[in-house]
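Under this note's numbering, the first residue of the sequence shown carries the number 265, and numbering increases by one thereafter.
Note that beta-carbon positions come from the ideal geometry of N, C-alpha and C, so glycine has one too.
Notes for the one structure printed next.
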Amino acid sequence: MADLKVLGISGSLRKASYNTAILKVCAELMPAGMTMTYARIDDLPLFNQDVFDAGLPEPAKRFRAEVTAADGVLIASPEYNFSLSAALKNAIDWGSRPPNQSWQDKPVAIFSASGGPMGGARVQYDLRRILGQLWAHVLPRPEVFVGSVASKVDPQGRVTDEATRKFLTDLLVGFKVWIERMQVKK
Ligand SMILES: Cc1cc2nc3c(=O)[nH]c(=O)nc-3n(C[C@H](O)[C@H](O)[C@H](O)COP(=O)(O)O)c2cc1C
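Structure representation (structure tokens):
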């Protein structure tokens, strides 16, 4: 069977982002039979329905095609003021407009990493709410919140905390089963 194609999206645009670093580590922790590529969202213009209607800008066309083609989408999200980064919400919005909205029936897994002790506990429920109403299927459990992230990821972007590596591994194993289950249902 061909590898499941996972599209990784980080909601943080900064170079030294912990979320982006952990998302890259996920490629190493994935079970056999999954591969990951990464979407860029930093070149998406701010969503505007007039622009959408006039013809999709190239970055939006690319992003929508990547989400549509993926067997599953893994989102690494920072928490900004108890919710999503504007960049991530903007990307979701670009994928969300009909016809052929990109999130329809898409298996999605999420994790969040933040400097605070709760690891983005609040943002995950906003993400679930938004993606759920787009008919994406967000893996319910395990939930992975990487709190106090600076103590768990070193400056080279390696996840040094063993418990965090285990949580991520469990998430990815669960995600593979979730994607396979959704494919059977189709
Ligand atoms: C605009 C802004 C708002 C933030 N709000 C929160 C917050 O609500 N909860 C939290 O735990 N951390 C918050 N933080 C701190 C982030 O968790 C921290 O900057 C984290 O490193 C961001 O993720 P990144 O490293 O992937 O960029 C905020 C940071 C920024 C820049």
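May I have the straight-line CA-CA distance separating S412 from I273, to the nearest angstrom? Along the sequence shown, read from residue 1 onward, the residue named residue 412 stands at position 148. Along the sequence shown, read from residue 1 onward, the residue named residue 273 stands at position 9. Whole-angstrom Cα-Cα distance: 21 Å.
Between the C-alpha atoms of I286 and R328, what's the straight-line distance to the nearest angstrom? As a first step, residue 286 is located in the sequence shown; it is residue number 22 there, counting from the start. As a first step, residue 328 is located in the sequence shown; it is residue number 64 there, counting from the start. Near 23 Å, if we compare the C-alpha coordinates of R328 and I286.
Take R386 and list the residues in its own chain whose beta-carbon comes closer than 8 Å to its own, dropping the five residues that flank it on each side. Within the sequence shown, numbered from 1, the residue matching residue 386 stands at position 122. E343, F346 and S347.
From the DSSP secondary-structure annotation, give me the bridge partner or partners of L299. Numbered from its first residue, the sequence shown carries residue 299 at position 35. The displayed chain sequence assigns Thr, not Leu, to residue 299. Answer by DSSP bridge pairing, in chain order: K269.
Going straight from the alpha carbon of L338 to that of A318, what length do you get? Position 74 of the sequence shown, counted from the start, is the residue given in the question as residue 338. Position 54 of the sequence shown, counted from the start, is the residue given in the question as residue 318. So the two alpha carbons sit approximately 30 Å from each other.
Need the endpoints of the alpha helix (DSSP H) that F327 sits in, please. On the sequence shown, residue 327 is found 63 positions in, with the first residue counted as 1. Start and end: E322 to A333.
Around the Cβ of V448, are there at least 16 other Cβ atoms within 10 angstroms (buried) or fewer (exposed)? Stepping through the sequence shown from its first residue, residue 448 is reached at position 184. By the neighbour-count rule (16 or more Cβ atoms within 10 Å), V448 is not buried but exposed.
Can you tell which of P404, L310, P363 and T301 has the C-alpha that lies nearest to the C-alpha of A333? Here residue 333 corresponds to residue number 69 of the sequence shown, with the count starting at 1. Closest by alpha carbon: T301.
Is P419 near ligand 1, with its Cβ less than 7 Å from a heavy atom? Mapped onto the sequence shown, residue 419 falls at position 155. No, ligand 1 has no heavy atom inside 7 Å of this Cβ.
Thinking just about the alpha-carbon of each residue, which of L293, F311 and W442 is nearest to the one in A351? Here residue 351 refers to the residue found at position 87 of the sequence shown. Among L293, F311 and W442, the Cα nearest to that of A351 belongs to F311.
Given Q420 as reference, the closest of M298, N283 and L277 once Cα atoms are compared: Walking along the sequence shown from the start, residue 420 turns up at place 156. Minimum Cα distance to Q420 is reached at N283.
Would you list the residues sitting across from Y344 in a DSSP beta bridge? Reading the sequence shown from its first residue, position 80 is the one you call residue 344. Paired residues: S347.
What's the C-alpha gap between K370 and D335? Translated into the one-based positions of the sequence shown, residue 370 becomes position 106. Translated into the one-based positions of the sequence shown, residue 335 becomes position 71. Roughly 7 Å separates the two Cα atoms.
In the DSSP assignment, find the unbroken alpha helix (DSSP H) run with F316 in it and report its ends. Counting from one through the sequence shown, the residue named residue 316 turns up at place 52. Per DSSP, F316 belongs to the alpha helix (DSSP H) from Q313 to A318.
Using C-beta distances below 6 Å, list every residue in its chain close to I443, excluding the 5 sequence neighbours before and after it, in chain order. The residue given as residue 443 occupies position 179 in the sequence shown. Same-chain partners within the cutoff: L268, D335, G336 and P371.
Please indicate yes or no: does the CB of N283 lie closer than 7 Å to some heavy atom of ligand 1? Sequence index remark: in the sequence shown, residue 283 carries index 19 (1-based). Because some heavy atom of ligand 1 lies under 7 Å away, the Cβ of N283 counts as near it: yes.
Counting only runs of 4+ residues fully inside the region 346-405, write out the alpha helix (DSSP H) ranges in chain order. 350-360 and 385-397
What first and last residue would you give for the alpha helix (DSSP H) that runs through I305? As a first step, residue 305 is located in the sequence shown; it is residue number 41 there, counting from the start. From DSSP, I305 is part of no alpha helix (DSSP H); its letter is neither H nor E.
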